[in-house]
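A.B. asks: Okay, here's the structure, questions in a sec.
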Amino acid sequence: MREYPAILDESAALRTIIRTMGGPSQEVISIGGILRGSLPGFRTLDLGSGAGRNSIFLAGIGSRVTAVDASAAHIGAMARLAQGARLDIEAVCGRVEQFQLLHQYDLVLCHGILHFLDRSTALSTVSKLKVNTAQGGIHLITIAKFDSSDDIPRSFVEQGHPNTLTANNLLRAYEDWSCVAHERYVKRDHHPGGGYHLHPIDKLAFQRPGGEHRTLLGEAHLLNDDDRKEVQTFLSTDELILTSKDAALEELGPPDLSFTYNARGQQLSFQGISGQGYELSLLFWSKYAAYFENGLLVGFSTYRSDRFHTFRLSGSEGLG
-4 MREYPAILDE SAALRTIIRT MGGPSQEVIS IGGILRGSLP GFRTLDLGSG AGRNSIFLAG
56 IGSRVTAVDA SAAHIGAMAR LAQGARLDIE AVCGRVEQFQ LLHQYDLVLC HGILHFLDRS
116 TALSTVSKLK VNTAQGGIHL ITIAKFDSSD DIPRSFVEQG HPNTLTANNL LRAYEDWSCV
176 AHERYVKRDH HPGGGYHLHP IDKLAFQRPG GEHRTLLGEA HLLNDDDRKE VQTFLSTDEL
236 ILTSKDAALE ELGPPDLSFT YNARGQQLSF QGISGQGYEL SLLFWSKYAA YFENGLLVGF
296 STYRSDRFHT FRLSGSEGLG
């Protein structure tokens, strides 16, 4: 692991970083668990890693992780956490499009990073990533593409978000791979000092053909299209952030769909550093998804696509 200077006010820096993004994503917990069983010691590249919410989880289950982020504060925070937890993470401070690819990776994460590149640079980066991915390797990508009716958050404008990369660009770039899942939703997010705003998200999972481990399948769960405005109103109330899952269930009743993802050991979370494990619950009422970390509400999304995906390997029964 590369060494970085200590953060002067580590707790304050971590609170700022972690409150923005929360803990590991559900598809990372799910697919990471699948790869741990089918390909022990799998190699991960996490581009735009932030403070390591996904990298720390993956290293904790035995993946050999390289994490890249342009923020020295993010990388420094992750390196300190990884050292304390004795996790093997190569933490690199630098621009993702300039990172020198030295390995064949089994899992590549591009969560919320490619859309900060112009379309040409983003697609060139994707091409290089594809070449440096092992047979059967998996790419997990999320991008924010704002339509004319969407307000672009101030933080995106300040970072020069070009708003040119689309899901269709990515689908064409991966025509020779399998598209395992594609979801579209609008996520209500919070950044310190910026208030609440909406991110229109495309989340895609691709797999390169070949490889000794079996084919990854995306299991689609159809969402009810009822326009339940009372759900949106309840979940979007600012004062409800960090309210309990029990309180939400009492107010809204049983959800149409419910999924739970667990990560053991020290994890990042919306509330800080969770040393007693991490549980992420997704509850769907119609097309509205509420996110609960360790039983507390941390955000919600309105789905524009009609399905949510869980994952399994071909020939296996377990979904995640």
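Position 14 of the sequence shown, counted from 1, bears residue number 9 in our numbering, the numbering being contiguous throughout.
C-beta: ideal position from N, C-alpha, C; glycine also.
Model, not experiment: these values are computed from the prediction.
Straight-line CA distance for L277 to T161?
C.D. replies: Position 282 of the sequence shown, counting from 1, holds the residue named residue 277. Position 166 of the sequence shown, counting from 1, holds the residue named residue 161. C-alpha separation (whole angstroms): 26 Å.
A.B. asks: Among S122, V126, L165, which residue has its Cα nearest to the Cα of T373?
C.D. replies: As displayed, the chain neither begins before -4 nor continues past 315, which places residue 373 out of reach and without an answer.
A.B. asks: Going residue by residue through the segment 127 to 207, where are the continuous alpha helix (DSSP H) segments of at least 4 residues, counting only ones entirely within it?
C.D. replies: Runs of the alpha helix (DSSP H) inside the segment 127 to 207: 149 to 153, 162 to 168.
A.B. asks: Considering only residues of the same chain and omitting the five flanking positions on each side of A168, which have a CB-CB separation below 6 Å?
C.D. replies: Working through the sequence shown from its first residue, we reach residue 168 at position 173. Hits under 6 Å: L118, V121.
A.B. asks: Beta-carbon separation of R90 and G57 under 7 Å?
C.D. replies: In the sequence shown, residue 90 corresponds to position 95, counting from 1. In the sequence shown, residue 57 corresponds to position 62, counting from 1. Cβ distance not < 7 Å, so R90 and G57 don't count as in contact.
A.B. asks: In the DSSP assignment, find the beta strand (DSSP E) that holds A285 and state where it starts and stops.
C.D. replies: Taking the sequence shown and counting its residues from 1, one reaches residue 285 at position 290. Run containing A285: 283 to 288, per the beta strand (DSSP E) assignment.
A.B. asks: To the nearest angstrom, how far is it from the Cα of T238 to the Cα of L292?
C.D. replies: Your numbering for residue 238 matches position 243 in the sequence shown. Your numbering for residue 292 matches position 297 in the sequence shown. About 5 Å.
A.B. asks: CB-CB under 7 Å to K224, same chain, minus the five flanking residues each way: which ones, in chain order?
C.D. replies: Counting from 1 along the sequence shown, the entry for residue 224 is found at position 229. Closer than 7 Å at the Cβ level, and outside the excluded window around K224, lies no residue.
A.B. asks: Could you say which of R59, L82, S44, Y298 lies nearest to F94 if we only look at CA atoms?
C.D. replies: Position 99 of the sequence shown, counting from 1, holds the residue named residue 94. Closest option to F94, Cα to Cα, is S44.
A.B. asks: Determine contact between the segment 62 to 74 and the segment 45 to 54, defined as no fewer than three beta-carbon pairs at a distance below 8 Å.
C.D. replies: Yes, since at least three Cβ pairs between the segment 62 to 74 and the segment 45 to 54 fall closer than 8 Å, the two stretches touch.
A.B. asks: For V126 and I70, what's the separation of their Cα atoms in angstroms?
C.D. replies: Here residue 126 refers to the residue found at position 131 of the sequence shown. Here residue 70 refers to the residue found at position 75 of the sequence shown. For V126 and I70, the distance between alpha carbons rounds to 26 Å.
A.B. asks: In angstroms with no decimal places, state the Cα-to-Cα distance between Q154 and P148.
C.D. replies: Taking the sequence shown and counting its residues from 1, the one referred to as residue 154 is at position 159. Taking the sequence shown and counting its residues from 1, the one referred to as residue 148 is at position 153. Answer to the nearest angstrom: the Cα atoms are 10 Å apart.
A.B. asks: On the DSSP letters alone, give me the boundaries of the alpha helix (DSSP H) that V226 sits inside.
C.D. replies: Position 231 of the sequence shown, counting from 1, holds the residue named residue 226. Where V226 is concerned, the enclosing alpha helix (DSSP H) stretches over 224 to 230.
A.B. asks: Measure the alpha-carbon distance for Y298 versus L104 and round it to whole angstroms.
C.D. replies: Position 303 of the sequence shown, counted from the first residue, corresponds to residue 298. Position 109 of the sequence shown, counted from the first residue, corresponds to residue 104. For Y298 and L104, the distance between alpha carbons rounds to 22 Å.
A.B. asks: Would you give the residue range spanned by the beta strand (DSSP E) that I268 belongs to?
C.D. replies: Position 273 of the sequence shown, counted from the first residue, corresponds to residue 268. It spans 267 to 269 - the beta strand (DSSP E) in which I268 sits, taken as one unbroken run.
A.B. asks: Would you mind listing the alpha helix (DSSP H) stretches within the segment 17 to 58 that are 4+ residues and don't spill past its ends, in chain order?
C.D. replies: Counting only runs of 4 or more, we get 21 to 33, 48 to 55.
A.B. asks: Judging by CA-CA distance, which residue of N257, A258, K240, N289 is the nearest neighbour of P250?
C.D. replies: In the sequence shown, counting from the first residue as 1, residue 250 sits at position 255. Among N257, A258, K240, N289, the Cα nearest to that of P250 is on K240.
A.B. asks: Is DSSP giving D101 helix, strand or coil here?
C.D. replies: Position 106 of the sequence shown holds residue 101. Three-state DSSP puts D101 in a strand.
A.B. asks: What residue from R302, I268, G290 has the CA that sits closest to Y283's CA?
C.D. replies: Walking along the sequence shown from the start, residue 283 turns up at place 288. Y283 has its Cα closest to that of R302, out of R302, I268, G290.
A.B. asks: Hey, how far is the Cα of H177 from the Cα of G267?
C.D. replies: Residue mapping note: residue 177 aligns to position 182 of the sequence shown, counting from 1. Residue mapping note: residue 267 aligns to position 272 of the sequence shown, counting from 1. The straight-line gap from Cα to Cα measures roughly 30 Å.
A.B. asks: Out of curiosity, what's the CA-to-CA distance linking S20 and S50?
C.D. replies: Here the question's residue 20 lines up with position 25 in the sequence shown. Here the question's residue 50 lines up with position 55 in the sequence shown. Between S20 and S50, the C-alpha separation is close to 11 Å.
A.B. asks: Would D41 be called buried (16 or more neighbouring beta carbons within 10 Å of its own) or exposed?
C.D. replies: On the sequence shown, residue 41 is found 46 positions in, with the first residue counted as 1. Buried is the call here.
A.B. asks: Is the separation between the beta-carbon of D145 and that of P204 shorter than 7 Å?
C.D. replies: Here residue 145 refers to the residue found at position 150 when the sequence shown is read from its first residue. Here residue 204 refers to the residue found at position 209 when the sequence shown is read from its first residue. No; because the gap between Cβ atoms is not below 7 Å, this pair is not in contact.
A.B. asks: If you count every other CB in all the chains shown that lies within 10 Å of the CB of G132, and 16 or more means buried, which is it?
C.D. replies: Here residue 132 refers to the residue found at position 137 when the sequence shown is read from its first residue. Burial call: buried.
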